[in-house]
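Here this note's numbering runs 1077 ahead of the position in the sequence shown, where the first position is 1. Cβ coordinates follow ideal geometry from the N, Cα and C atoms, glycine included.
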Amino acid sequence: MQSLGNPSANTSANRVLPFKAGNLGIAVMVLVFLFAVVFAANQNDVIGWIVAIIALGWLLLAAFVVFSVRGATKKAKEKFATAQADFAAQQMPQGTAGGTAVVEEQVARANAVRDEKLDHSFKIVQVQAKVVRDYLGKDEGMVERALDTIEVTAHNGRGMIRKNDGDGPVTGTVVN
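Structure below.
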């Protein structure tokens, strides 16, 4: 059984065969074209030259196909080698941490998103507090809506705060 991903398992004969077949096909088409040109020149009639032009068209088509396939094959090999290297790098343990680096990265991203949401909630509370100050005594309905918004935002923000679950007292700096 031969591994698809192991380049050392591919022998040089396996890699050369498609290129020999492509070169052989081009050589046959060149011979057909040359034979058609010689035949047309010897007979000196229109049908011979039409056959030569058709042979030239097939020769150009075959050359285009062979060179396109070769280019696509090279690109595919490069992409496969890159993907294989990326996969191998992911499968290798990263130091003593193993897979914890990925988990820590995901936790850091989740914390950053949570912090952004909390920041947005605090901005909403600040804006609504300004609305209360501006409309206090002028528009009671506007003040009620602002206070409701502050209450809902505070409730949602408290839901985003991590629960300490009794791991000790809350620490931090009190800002007055």
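CB-CB length for residue i against residue j, believed under 8 Å
| i | j | result |
| --- | --- | --- |
| residue 1201 | residue 1230 | 5 Å |
Burial state of residue i, where buried means 16 or more other Cβ atoms lie within 10 Å
| i | result |
| --- | --- |
| residue 1173 | Residue confidence for residue 1173 is low, a pLDDT of 49 falling below 50, so the modelled location carries little weight and cannot support an answer. |
| residue 1213 | exposed |
| residue 1108 | exposed |
| residue 1136 | buried |
| residue 1169 | exposed |
| residue 1106 | buried |
Under 8 Å: do the segment 1202 to 1210 and the segment 1223 to 1242 share three or more Cβ pairs, one atom per stretch? yes
Check whether the segment 1144 to 1151 and the segment 1116 to 1127 touch, using three or more Cβ-Cβ pairs below 8 Å as the test. no
Do the segment 1095 to 1114 and the segment 1125 to 1133 make contact, defined as three or more Cβ pairs closer than 8 Å? yes
Can you list, in chain order, the stretches of the beta strand (DSSP E) that have 3 or more residues and sit fully within the segment 1089 to 1134? none
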